[in-house]
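Each remark here refers to the structure printed beneath this line.
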Amino acid sequence: MKIPFIRILPFLLLLLFAGCRDDRVIRIGVSQCSDDDWRRKMNEEIRREILLHPEARIEIRSADDSSAKQIEDLKYFVDENFDVIIVAPNEADALTPVVREIYESGQPVIIFDRNIHGNTYTARMGVDNEEIGRAAARYARHLLPENMKAIEIKGLPGSTPAIERRRGFDEELANLGNGRVVASGFGNWNHDDASRMADSLLREYPDANLIFAHNDRMAIAAAEVAKSLGLSPYIIGVDAAPEIGLQAVADSLINATFLYPTEGHRLVRMALNIATGKPQEKEVMLPLSSAVDHTNADILLLQNEELIEETMKIRELKSMVDDYWNRHSAQTTLFYFSIAILVLLFAVLFLLLRAFWQNRRHHDALREQNRLLEEQRDLQKSLNEQLSEATQAKLVFYTNVSHDLRTPLTLISGPVEQLSKADNLSPDQHTLLHIAEKNVKILRRLINQLLDFRRYENGKMDLNLSEVRFAALLAEWTETFKALAIERDIRLSIRINADDDATLAIDTEKIERVFFNLLSNAFKYTPDNGRITVSYETFPDHVSFSVADTGRGISEEDLGNIFERFFIVDKVRPKGSGIGLSLTKAFIELHGGTIAVESKLGEGTTMTVNLPVRHVDVAPAHVEKLLSAEEVAVELGPIESHPEEMDESKPLLLVIDDNQDMRKMLDELMKEDYNMIFASSGLEGIAMAARYVPDLIVWDVRMPGIDGLETCRRIKEEISTSHIPVLMLTACSREEERVEGYESGADGYVSKPFNIEVLRARCRNLIANHQ
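The number in this note's numbering is simply the position in the sequence shown, starting from 1, with 94 added.
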């Protein structure tokens, strides 16, 4: 597959400019314990050396003789993830654990000048401070061959150079045997503390003829104190920094100083070796030089001045090189951008030409497609018109059929009603007639709903408004269901203010049917011992009544569709036609009202109706109810059963069907030949089959929850029930459903509506074949 050049061009440019970027910068952090002249000289050497390494950046921090501040500086270097950390510990005791933690974390750390306890560091560069002390003792002997009385001014307590220089000086004096240290004290490496200490010691030992100070600042302080007291002892210092130590020797303020090497350039190179992975010794000891006195101090000062001048020249050259390099980088970047812009221009020109020719080619194709789409649009329009006409014809057909069904339904309901009142019928015959009478009433209501809905869709349904006291009317309608609630042990609560005399105009017939649909749905889906609540409230511009139940509820995905025509929430085994709530909504909207539903699975459903308040110029009158308590009980109530004792000589037949009337009819028709047990759901049927192990199972294909196919499959998979013959009842004549039934393990099927004699014959044959 070819990739267009314009798509890969950004990646080429990215690679081009990525190649121009500098390599990774090495960051070095330096933590100085103090800010004296010797360390300033060393910092200058470090900065001079870093000029020669453009790949590195350095940051120097001074702790000002504070161990706490130095610890904070080290934490800063660690948090900022410096590549190498260089530290001159202020005090060994305080800094050792911090340096150890940095080293053990894997971050390189270099110790210089002063030391810590142990060797938990990457590398160390230092001087033999004991040898400096010994050299100072030997030089003191040169000045005072006999009868030396020395005062020693030491550095900071806990500082390793102070400890080591004192040890070397004292041991060498003891070995030489020509003098002794008469007194010593700490000057803490600074001028002020050393001045106070020297004043105290010289006043106590005025005969002391030599002072050894561990650095030049303390030596100069001792010299100033001695001069003020009129004393002239020999004074030796350490460091030989140009601005202080060397200048003090040259000015004859002190007699000598020992050069303490700084070697800042070597320290930078050591850090770069460690950062880049090059070999590096762990311990590097710097060589010592001889003492500096008035014979060579001037020469060293001149050399230092020349070094400073050369350093300035190097910086100027570095600045010039950086300027030239920046110009070169800018020109290079401009050159690359120019090339990139030219390439982009050529690419854009190529794409424009290519798009132009492609547009020319596609234009004809699009015109042809437009022509075809117009033909398809005309064809689709014609098909939609035909479909609309066919749909209209079907609705007219269903309406006409519904009208035609009223006559035979009337001819059936009349005789059934008369027969149910006869006194010479057996209890079983009465039960069968009650089943027929109940379902005739249900069928009549469904036909009426279908016809009413058809009139509503055609715009031919009118409102016959009458002024009523709605609260009293609602209470009267609710009382119609009281007997049914008592029979099913359902708590029917009415939250209506009986003193509410507010009136409004409604079509009482339609609102009564709305109320009947809502309350009958509540009774259908509320289990026995449940609760149904009817509430009513009055507002200035509307009235509101609601029906709440504790049934199984409706899922969120179905809530938005329940008022659509022919929509059935329980698609597996519908308990309605799918038109009742749709017609209910239509009646409410005819009044200008609204209906809302709230529901949660397993908790229940609440239907709320809001009707606007309107009036007609007619006094409120009593309204006759369309439905009586007897009719409600017939249509919604259970059929009385007549329990029979088990006859052990009869086979045991298990019927699994969620329709109570179907179970009751099969019981009446089959109980003479079988012992009958019943289950209203698939799960209950599976449990009863395992418990009773019947001789035959008759089940309905469509049931809520686990359908009949899954129920049969589970029964056949269970070892204890797999041998039981199973007969399925189905209202669907599709061959695919029969195939699914046989594949799930069914032994036969009977289509609804079925002939009872055929059903009896199929049951006998299945049991006989099994035996």
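Backbone N, C-alpha and C fix where the C-beta goes; we use that ideal spot for every residue, glycine too. Treat the numbers as computed from the prediction; the structure is a model and nothing was measured.
Bridge-paired residues (DSSP) for residue i
i	result
Leu411	BP columns for Leu411 are empty, so no partner.
Val386	Thr351
Thr627	Ser587, Ala642
Arg155	Ser125
Gly331	Thr351
Gly842	Leu821
Val203	Ile179
Ser289	According to DSSP, which records beta bridges pairwise, Ser289 is partnered with nothing at all.
Gly220	Met379
Val749	Phe772, Val792
N-terminal and C-terminal residue of the beta strand (DSSP E) that residue i is part of
i	result
Thr597	597-600
Asn769	769-773
Gln164	Element bounds for Gln164: not the beta strand (DSSP E) but the alpha helix (DSSP H), 161-173.
Ile689	688-694
Lys248	242-248
Asp177	Unbroken run through Asp177: none, as it is neither H nor E.
Thr699	698-706
Trp793	790-794
Asp643	636-643
Glu377	377-380
Ser278	273-280
Ala307	304-307
Ile809	Where Ile809 is concerned, there is no enclosing beta strand (DSSP E), although the alpha helix (DSSP H) it sits in stretches over 802-811.
Cβ-Cβ distance between residue i and residue j below 9 Å
i	j	result
Thr389	Ile120	no
Glu266	Ala307	no
Leu238	Asn272	yes
Ser156	Gln126	yes
Gly249	Asp187	no
Asp622	Arg582	yes
Thr351	Ala342	yes
Thr357	Glu174	For the sequence presented, residue 357 should be read as Glu rather than Thr. Their beta carbons are not under 9 Å apart, which means Glu357 does not touch Glu174 by this criterion.
Tyr630	Ala690	no
Leu361	Ile180	yes
Thr699	Gly645	yes
Ala626	Ala616	In the sequence as presented, Ala is not what sits at residue 626; that position holds Ile. Going by C-beta atoms, Ile626 is nearer than 9 Å to Ala616.
Gly123	Ile152	yes
Ile750	Ser775	yes
Gln164	Leu189	yes
Ala182	Phe206	yes
Ala55	Ala320	Only positions 95 to 865 of the chain appear in the structure, and residue 55 is not among them; the question remains open.
Assumed close pair residue i, residue j - CB separation to whole angstroms, cut-off 8 Å
i	j	result
Gly324	Asp333	27 Å between Cβ atoms; not a contact.
Val707	Val608	Not confirmed; about 17 Å, so no contact.
Thr572	Ile584	Not a contact, Cβ separation roughly 13 Å.
Ser869	Ile648	There is simply no residue 869 to check, as the chain begins at 95 and stops at 865 in what is shown.
Val275	Tyr299	With 8 Å as the limit, Val275 and Tyr299 do not qualify as a contact, their Cβ atoms being about 10 Å apart.
Ser814	Ala855	Not really, about 28 Å apart at Cβ, beyond 8 Å.
Leu746	Asp794	19 Å between Cβ atoms; not a contact.
Ser128	Asp159	5 Å
Leu568	Phe657	Incorrect: roughly 22 Å between the Cβ atoms, too far for contact.
Span of the alpha helix (DSSP H) around residue i
i	result
Arg563	Counting along the chain, Arg563 falls outside any alpha helix (DSSP H), though it belongs to the beta strand (DSSP E) covering 560-563.
Phe681	674-684
Tyr786	776-786
Thr214	Counting along the chain, Thr214 falls outside any alpha helix (DSSP H), and DSSP gives it neither H nor E.
Gly358	358-370
Gln865	Where Gln865 is concerned, there is no enclosing alpha helix (DSSP H), given that its DSSP letter is neither H nor E.
Arg259	254-270
Tyr233	223-237
Leu578	576-581
Ile930	Since the first residue of the chain shown is 95 and the last is 865, residue 930 is not available in this structure.
Leu557	Neither: Leu557 is in no alpha helix (DSSP H) and is coded neither H nor E.
The ligand ADP heavy atom lying under 8 Å from the CB of residue i
i	result
Asp767	The model on display carries no ligand, and the ligand ADP is accordingly not part of it.
Per the contact definition of three or more C-beta pairs closer than 8 Å, is the region 213-228 in contact with the region 242-261? Between the region 242-261 and the region 213-228 there are three or more inter-stretch CB-CB distances shorter than 8 Å, so the stretches are counted as touching.
Is the region 231-245 close to the region 395-408, with three or more CB pairs under 8 Å? Cβ pair count under 8 Å is below three, so no.
Does the count of Cβ pairs from the region 358-370 and the region 416-427 closer than 8 Å reach three? Contact between the region 358-370 and the region 416-427 is absent, because fewer than three Cβ pairs lie under 8 Å.
The region 205-219 contacting the region 281-292, beta-carbon criterion three pairs below 8 Å: Contact fails between the region 205-219 and the region 281-292, because fewer than three Cβ pairs, one in each stretch, are under 8 Å apart.
Counting pairs of Cβ atoms below 8 Å between the region 191-207 and the region 308-319, do you hit three or more? Under the 8 Å Cβ criterion, the region 191-207 does not count as touching the region 308-319, having fewer than three qualifying pairs.
I want to know whether the region 766-784 touches the region 834-850 - three or more CB-CB distances under 8 Å. By the Cβ criterion, the region 766-784 is not in contact with the region 834-850, since fewer than three pairs of Cβ atoms, one from each stretch, lie closer than 8 Å.
Okay, do the region 755-762 and the region 800-817 touch, 3+ Cβ pairs below 8 Å being the bar? No: fewer than three Cβ pairs fall under 8 Å.
Could you say if the region 591-602 and the region 555-570 meet the contact criterion of at least three C-beta pairs nearer than 8 Å? Yes, since at least three Cβ pairs between the region 591-602 and the region 555-570 fall closer than 8 Å, the two stretches touch.
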